[in-house]
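Here's the structure, in structure tokens; my notes come after.
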Amino acid sequence: MTKAILVLNAGSSSLKFALFEHEAASDLHLMAQGQIEGIGTKPYFLAKNHRKQILADKELAISDTNHADCLQIIATLLRDNYTDLKLLGVGHRIVHGGAHYTAPLRLTPGTIGALEALSPLAPLHQPHNLAAIRAVADIQPDLPQVACFDTAFHRCQNQINQLFGLPYHCYERGIRRYGFHGLSYEYVSSVLKQREPEIASGKVVIAHLGNGASMCAIQNGKSVASSMGFTALDGLMMGTRTGNLDAGVVLYLLQQEKLSILQVEELLYRRSGLLGLSGISSDMRVLLESSEPQAALAVDYFVHRISRELGSLAASMNGLDALVFTAGIGENSSIIRQRVCEQARWLGIEIDTHANDAHEFCISTIDSPTTAWLIPCNEELMIARHTRTQLGL
Ligand code: ADP
């Protein structure tokens, strides 16, 4: 019998999964991974085993278009391919744990209700995360489920770093900087600690540069400040999200341009960022290959925002010992890493272009005063580890 932990990451139109084998006293091993994307429009199922062999690669019928149906499809695939599988539990990525949840949580009907109450804080993500929990409970009510929060890693930040300059009662009502991508930061920090403990005990900024992007100042493994704030909209410019924006712009759009609230939401979350500035694509690869001036402008602004946030985050720690890149752009684009490091020369970073082009672990020169690193993120493994701990395995 193969004992395993299933990890689910449910978004508005996607359901990602990863299956890890659990053996006592050893780390978890990836067995399979995949996703159904385009839920609600044109669902597509792609899944591979740990050897990257295809388990599923197909369009799904339009009727298979809610998270519960998609979960059934994934469960069937796993049962068909791993006949002696015994699921020990399911770990979920939950975007918001509010001010209260500072650690992963074993779910009960009561705690699911508490997480529902946080949905207004993340209306585009939380309801989908919770839909996956309910779908699992419907199929297998006795299977233990664990919530792992993207906000939890940041709850150790001091109050100054969680404040906005709003009346204090807003803070008390929960309008504060939460920070996100916490599972990525926790995983990347754990790898840095394992491989370079001295560096990890210092002042580190991790740049999570994916479609969603943020940066985090981390001192001695603990989150100090994050570029993302109340929602996953603040900070760096992203694939389709604005990043840092004068709140007066929102008022102007509503009052003078008479946009509806839904139109503003669409603009800020889905029509801005790399896509909006370039008018071409939200995909960094496409922009880097394009010869259009607008593509270059979008990339320039992306790098500029990273540089400004880096200065701000270094200031929040009174210094910087190391910069770490992770996620799709951070892991794969040597040119973006090079441009960020070149702009951070004033912070003591000297990039080793050969190491950077070869996507090595350390990408700064041997005598660079501040070091630079590349660590692939693995949020799924972090969730599986937390789930195992919560289940007492
Ligand atoms: P998500 O936030 O959806 O998890 P990812 O971490 O997968 O995002 O990152 C997606 C981004 O990574 C896209 O903008 C994509 O263009 C970019 N990316 C992936 N590979 C490369 C590459 N070789 N060069 C530049 N950008 C890349």
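First residue of the sequence shown? That's 633 in the working numbering, and the numbers climb one at a time after it.
Heads up, the beta-carbon is just placed ideally off N, CA and C, and yes, glycines get one too.
Since the structure is predicted, the reported quantities are computational estimates derived from the model, not experimental observations.
**Item:** Counted within 10 angstroms of its Cβ, other Cβ atoms place Y733 as buried (16 or more) or exposed
**Value:** To locate residue 733, count along the sequence shown from 1; it is residue 101. By the neighbour-count rule (16 or more Cβ atoms within 10 Å), Y733 is buried.
**Asked** Over what stretch of residues does the alpha helix (DSSP H) that includes H604 continue unbroken?
**Response** One cannot answer for residue 604 here, as it falls past the ends of the chain, which runs 633 to 1025.
**Request:** Select from A731, L687, A693 and I694 the residue whose C-alpha is nearest the C-alpha of R711.
**Result:** As a position in the sequence shown, residue 711 is number 79, starting the count at 1. Closest option to R711, Cα to Cα, is L687.
**Prompt:** When the Cα of P755 is compared with those of D659, Q975, Y901 and I831, which residue comes out closest?
**Reply:** On the sequence shown, position 123 is the one that residue 755 refers to. Nearest of D659, Q975, Y901 and I831 to P755, Cα basis: Y901.
**Prompt:** Going by the C-beta, is S914 closer than 8 angstroms to any heavy atom of the ligand ADP?
**Reply:** Locating residue 914 in the sequence shown gives position 282, counting from the first residue. S914: yes, Cβ under 8 angstroms from the ligand ADP.
**Prompt:** Based on Cα-Cα distance, which residue from D716, L720, L737 and L719 lies nearest to I726?
**Reply:** If you number the sequence shown from 1, residue 726 lands on position 94. Measuring from the Cα of I726, the nearest candidate turns out to be L737.
**Request:** Return yes when the C-beta of A930 is under 8 angstroms from any heavy atom of the ligand ADP, and no when it is not.
**Result:** Along the sequence shown, one-based indexing puts residue 930 at 298. No, since every heavy atom of the ligand ADP falls outside the 8 angstroms radius drawn around the Cβ of A930.
**N761 versus V778 - alpha carbon distance** = Taking the first residue of the sequence shown as position 1, residue 761 is located at position 129. Taking the first residue of the sequence shown as position 1, residue 778 is located at position 146. Those two C-alpha atoms are separated by around 12 angstroms.
**Item:** Helix, strand or coil at Y810 according to DSSP, with G and I counted as helix
**Value:** As a position in the sequence shown, residue 810 is number 178, starting the count at 1. Coil.
**Item:** Option nearest G806 by Cα separation, candidates V820, Q791 and L815
**Value:** Looking up residue 806 in the sequence shown gives position 174. Minimum Cα distance to G806 is reached at Q791.
**Unbroken stretches of the beta strand (DSSP E), 3 residues or longer, contained in the segment 929–994** = 954–958
**Prompt:** Is N964 near the ligand ADP, going by C-beta to nearest heavy atom under 8 angstroms?
**Reply:** Taking the first residue of the sequence shown as position 1, residue 964 is located at position 332. Yes, since a heavy atom of the ligand ADP falls inside the 8 angstroms radius drawn around the Cβ of N964.
**Item:** Expected contact under 8 angstroms - CB spacing of A990 and S939 to nearest Å
**Value:** Residue 990 sits at position 358 when you count from the first residue of the sequence shown. Residue 939 sits at position 307 when you count from the first residue of the sequence shown. Going by Cβ atoms, the distance from A990 to S939 rounds to 24 angstroms, so no, they are not a contact pair.
**Message:** Rounded to whole angstroms, what is the Cα-Cα separation between D659 and G797?
**Reply:** Within the sequence shown, numbered from 1, the residue matching residue 659 stands at position 27. Within the sequence shown, numbered from 1, the residue matching residue 797 stands at position 165. Their backbone Cα atoms lie some 44 angstroms apart in a straight line.
**Item:** Integer Cβ distance of L647 from L638, believed to fall under 8 angstroms
**Value:** Taking the first residue of the sequence shown as 1, we reach residue 647 at position 15. Taking the first residue of the sequence shown as 1, we reach residue 638 at position 6. That belief does not hold up - the Cβ atoms of L647 and L638 are roughly 12 angstroms apart, past 8 angstroms.
**Request:** Count the CB pairs spanning the segment 907–919 and the segment 807–815 that are closer than 8 angstroms, and state whether there are at least three.
**Result:** no
**Item:** Helix, strand or coil at D701 [DSSP, three-state]
**Value:** Looking up residue 701 in the sequence shown gives position 69. D701 falls in the helix class under three-state DSSP.
**Asked** Relative to the alpha-carbon of I981, which residue among N1010, M949 and L942 has its alpha-carbon at the smallest distance?
**Response** To locate residue 981, count along the sequence shown from 1; it is residue 349. It is L942 whose Cα lies nearest to the Cα of I981.
**Request:** Using 8 angstroms as the cut-off, classify the Cβ of G666 as near or not near the heavy atoms of the ligand MN, replying yes or no.
**Result:** The ligand MN is not among the ligands present in this structure, which contains only the ligand ADP.
**Request:** Indicate the three-state DSSP secondary structure (helix, strand or coil) for Q887 in the structure shown.
**Result:** By 1-based counting over the sequence shown, the position of residue 887 is 255. Note: Q887 maps to helix in three-state DSSP.
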